[in-house]
Amino acid sequence: MDPPLHHRHLLYHTNDPPTETEAISARHEMHELQRELSQINKEIASSSSPSHALLASQEGVKDAIKAYKGLLSPLRQFPTEMLSLIFINCLPKSPFSYSNTQSPIILEYVCRRWKDVCRSTPALW
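Under my numbering, think of the first position of the sequence shown as 43, with each following residue one higher.
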(Lines of atoms letter the chains of each structure in order from A and count residues from 1; the text may use other names and numbers.)
(Lines give C-alpha, C1' and ligand atoms only; values in the text may rest on other atoms or scores of the structure.)
Protein backbone atom coordinates (compact mmCIF):
# COMPACT_ATOMS: atom_id res chain seq x y z
CA MET A 1 0.00 0.00 0.00
CA ASP A 2 1.42 3.39 -1.01
CA PRO A 3 1.98 5.99 1.68
CA PRO A 4 -0.40 8.94 1.54
CA LEU A 5 0.60 11.57 -1.00
CA HIS A 6 1.01 14.30 1.63
CA HIS A 7 3.37 12.05 3.61
CA ARG A 8 5.53 11.37 0.53
CA HIS A 9 5.57 15.10 -0.17
CA LEU A 10 6.86 15.71 3.36
CA LEU A 11 9.61 13.13 2.85
CA TYR A 12 10.87 15.07 -0.17
CA HIS A 13 11.28 18.19 1.97
CA THR A 14 13.07 16.55 4.89
CA ASN A 15 16.05 14.28 5.18
CA ASP A 16 14.17 11.67 7.14
CA PRO A 17 14.73 8.19 5.77
CA PRO A 18 11.71 6.50 4.20
CA THR A 19 10.29 3.39 5.81
CA GLU A 20 10.93 0.13 3.98
CA THR A 21 7.38 0.24 2.56
CA GLU A 22 7.87 3.82 1.39
CA ALA A 23 11.23 2.93 -0.17
CA ILE A 24 9.73 0.00 -2.07
CA SER A 25 6.90 2.19 -3.32
CA ALA A 26 9.32 4.98 -4.29
CA ARG A 27 11.58 2.55 -6.20
CA HIS A 28 8.57 1.22 -8.09
CA GLU A 29 7.33 4.72 -8.94
CA MET A 30 10.83 5.78 -9.99
CA HIS A 31 11.12 2.79 -12.34
CA GLU A 32 7.76 3.68 -13.87
CA LEU A 33 8.94 7.26 -14.37
CA GLN A 34 12.16 6.04 -15.97
CA ARG A 35 10.11 4.00 -18.45
CA GLU A 36 7.96 7.05 -19.13
CA LEU A 37 11.08 9.18 -19.65
CA SER A 38 12.47 6.61 -22.06
CA GLN A 39 9.25 6.76 -24.08
CA ILE A 40 9.27 10.56 -24.09
CA ASN A 41 12.92 10.58 -25.18
CA LYS A 42 12.04 8.27 -28.09
CA GLU A 43 9.21 10.58 -29.13
CA ILE A 44 11.51 13.60 -28.97
CA ALA A 45 14.22 11.81 -30.96
CA SER A 46 11.76 10.79 -33.68
CA SER A 47 10.28 14.28 -33.98
CA SER A 48 11.91 16.92 -36.13
CA SER A 49 10.36 19.62 -33.95
CA PRO A 50 9.19 18.34 -30.54
CA SER A 51 6.32 20.24 -28.98
CA HIS A 52 6.78 22.52 -26.01
CA ALA A 53 4.40 20.30 -24.04
CA LEU A 54 6.50 17.21 -24.77
CA LEU A 55 9.70 18.97 -23.70
CA ALA A 56 8.00 20.27 -20.56
CA SER A 57 6.77 16.75 -19.82
CA GLN A 58 10.33 15.46 -20.21
CA GLU A 59 11.62 18.04 -17.71
CA GLY A 60 8.82 17.26 -15.26
CA VAL A 61 9.58 13.54 -15.36
CA LYS A 62 13.31 14.22 -14.94
CA ASP A 63 12.57 16.38 -11.89
CA ALA A 64 10.36 13.67 -10.39
CA ILE A 65 13.07 11.04 -10.92
CA LYS A 66 15.60 13.34 -9.27
CA ALA A 67 13.28 13.73 -6.27
CA TYR A 68 12.92 9.95 -5.94
CA LYS A 69 16.70 9.50 -6.15
CA GLY A 70 17.08 12.01 -3.34
CA LEU A 71 14.44 10.23 -1.31
CA LEU A 72 16.23 6.90 -1.78
CA SER A 73 19.72 8.28 -1.18
CA PRO A 74 21.82 6.09 1.12
CA LEU A 75 22.91 9.23 2.94
CA ARG A 76 19.44 9.43 4.49
CA GLN A 77 20.16 6.13 6.25
CA PHE A 78 23.62 7.24 7.40
CA PRO A 79 23.95 7.15 11.21
CA THR A 80 24.17 10.51 12.94
CA GLU A 81 27.29 9.41 14.84
CA MET A 82 29.11 8.74 11.56
CA LEU A 83 28.12 12.13 10.18
CA SER A 84 29.45 13.74 13.36
CA LEU A 85 32.82 12.01 12.93
CA ILE A 86 33.03 13.05 9.30
CA PHE A 87 32.14 16.62 10.18
CA ILE A 88 34.79 16.70 12.92
CA ASN A 89 37.35 15.60 10.34
CA CYS A 90 36.28 18.51 8.13
CA LEU A 91 37.37 21.05 10.71
CA PRO A 92 40.17 23.42 9.71
CA LYS A 93 43.58 22.41 11.04
CA SER A 94 43.97 25.72 12.85
CA PRO A 95 41.37 26.23 15.58
CA PHE A 96 41.38 29.98 14.94
CA SER A 97 40.70 29.92 11.22
CA TYR A 98 36.91 29.69 11.21
CA SER A 99 35.05 31.54 8.50
CA ASN A 100 31.60 31.45 6.92
CA THR A 101 32.94 29.28 4.10
CA GLN A 102 34.45 26.54 6.27
CA SER A 103 33.00 23.80 8.38
CA PRO A 104 31.08 23.60 10.59
CA ILE A 105 29.23 26.69 9.42
CA ILE A 106 29.10 25.68 5.76
CA LEU A 107 27.90 22.17 6.70
CA GLU A 108 24.89 23.68 8.47
CA TYR A 109 23.61 25.07 5.18
CA VAL A 110 23.35 21.69 3.43
CA CYS A 111 20.08 20.56 4.99
CA ARG A 112 18.14 20.54 8.23
CA ARG A 113 19.54 17.18 9.32
CA TRP A 114 23.14 18.30 8.84
CA LYS A 115 22.38 21.48 10.75
CA ASP A 116 20.99 19.42 13.62
CA VAL A 117 24.02 17.12 13.55
CA CYS A 118 26.42 20.08 13.56
CA ARG A 119 24.67 21.77 16.44
CA SER A 120 24.51 18.57 18.48
CA THR A 121 28.23 17.82 18.05
CA PRO A 122 30.10 19.82 20.71
CA ALA A 123 33.51 19.00 19.20
CA LEU A 124 32.64 21.18 16.21
CA TRP A 125 32.33 24.29 18.34
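Think of the CB as a built atom: it goes at the ideal place given N, C-alpha and C, for glycine as much as any other residue.
Separation of residue j from residue i, as counted between CA atoms
{"i": "Arg118", "j": "His70", "result": "19 Å"}
{"i": "Gln76", "j": "Phe120", "result": "26 Å"}
{"i": "Glu101", "j": "Ser91", "result": "16 Å"}
{"i": "Ile128", "j": "Thr122", "result": "10 Å"}
{"i": "Pro146", "j": "Cys132", "result": "8 Å"}
{"i": "Ser88", "j": "His55", "result": "36 Å"}
Opening and closing residue of the alpha helix (DSSP H) in which residue i lies
{"i": "Tyr110", "result": "His94 to Leu113"}
{"i": "Asn57", "result": "Segment: none, Asn57 is in no alpha helix (DSSP H) and carries neither H nor E."}
{"i": "Phe129", "result": "Thr122 to Asn131"}
Three-state class that DSSP yields for residue i in the structure shown
{"i": "Cys153", "result": "coil"}
{"i": "Pro134", "result": "coil"}
{"i": "Ser88", "result": "helix"}
{"i": "Pro116", "result": "helix"}
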